[in-house]
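Just so you know, we're using full-length UniProt numbering here: the sequence shown kicks off at 1 and counts up by one.
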Amino acid sequence: MALRSSLARLARSDLLSKPAGAPVFSADLTEAKARSRQFFRDVCRQVPWAMREFFLEEVTTTAQFRSQLANEWRRHRTDDSRVIDVMLFKGNQELVTVLAHHFQRHHLITKYVAPESNAINRRSKSGKPESKFLSAFLDGKATE
1 MALRSSLARL ARSDLLSKPA GAPVFSADLT EAKARSRQFF RDVCRQVPWA
51 MREFFLEEVT TTAQFRSQLA NEWRRHRTDD SRVIDVMLFK GNQELVTVLA
101 HHFQRHHLIT KYVAPESNAI NRRSKSGKPE SKFLSAFLDG KATE
């Protein structure tokens with residue numbers, strides 16, 4: 001019941017429209033990791049709501065979605081408390097955008113459910129070397 005009331009409170013436009021406060025900085029690495037674990041738990045508590053709200057049951061299960069989130073957490077692992085604080089701030093921003101429906105279903109699918117289907121990720125992981133033109137263009141160098 002408390003979760004439902006907190007979601008209803010978060011869904012109000014005035015709360016989502018308020019500017020985000022300044023990021024909270026952790027005193028040390030232990031505190032940053034504890035805050036990261038707590039935020040991960042908070043995000044995992046929102047997964048069933050997101051599954052229902054964005055009709056993700058058609059493409060994944062709750063367990064698979066949580067597993068993909070855990071893989072994202074592991075992929076960005078770091079031992080710098082300042083980096084963890086910034087990641088937590090950005091993660092909180094993303095959570096608010098999902099709760100406010102600023103993300104649409106396809107955003108969640110391509111980012112979390114099936115990131116391997118994303119064309120940009122496929123191109124960077126494929127074995128084909130990039131053409132000289134494409135590498136120069138992506139590096140911001142002048143092409144002739």
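For glycine and all other residues, C-beta sits at the position ideal for the given N, C-alpha and C.
Only a predicted model underlies this, so the values are computations on that prediction, with no experimental measurement involved.
Grouping DSSP H, G and I as helix and E and B as strand, with all else coil, what is residue i?
| i | result |
| --- | --- |
| K141 | coil |
| A27 | coil |
| A114 | coil |
| H107 | helix |
| R122 | Residue confidence for R122 is low, a pLDDT of 49 falling below 50, so the modelled location carries little weight and cannot support an answer. |
| S131 | coil |
| M1 | Interpretation of M1 is limited by its pLDDT of 49, a score under 50 that renders its predicted location unreliable; the figure taken from the coordinates is listed afterwards. M1: coil per DSSP, three-state reduction. |
| F39 | helix |
| A50 | helix |
| R77 | coil |
| F65 | helix |
Take residue i as the anchor and find which of the options has the nearest alpha-carbon.
| i | options | result |
| --- | --- | --- |
| E31 | D80, L69 and K90 | D80 |
| T78 | R41, T60, Q104 and S36 | S36 |
| H107 | V43, D28, R75 and F54 | F54 |
| F25 | D85, F133 and F103 | D85 |
| Q68 | R105, P115, E94 and D28 | P115 |
| R45 | S131, R82 and T62 | T62 |
| L29 | R82, R41 and R75 | R82 |
| R74 | F89, V98, D139 and K33 | K33 |
Beta-carbon within less than 8 Å of residue i's beta-carbon, same chain only, minus the 5 sequence neighbours each way: which residues are those?
| i | result |
| --- | --- |
| F65 | V47, A50, M51, L56, Y112 and V113 |
| V43 | L69, G91 and L95 |
| E72 | Y112 |
Once the 5 residues before and after residue i are set aside, which same chain residues still bring their CB inside 7 Å of it?
| i | result |
| --- | --- |
| I109 | V59 |
| H76 | M87 |
| R105 | F54 and F55 |
For residue i, which residues in the same chain have their Cβ closer than 6 Å to its Cβ, ignoring the five residues on either side in sequence?
| i | result |
| --- | --- |
| R122 | Caution applies to R122, whose pLDDT of 49 falls short of 50 and renders its modelled position unreliable; the model cannot decide the point. |
Using a Cβ cut-off of 8 Å (strictly closer), state whether residue i contacts chain D.
| i | result |
| --- | --- |
| Q104 | Looking at the structure shown, chain D is missing, and only one protein chain is on hand. |
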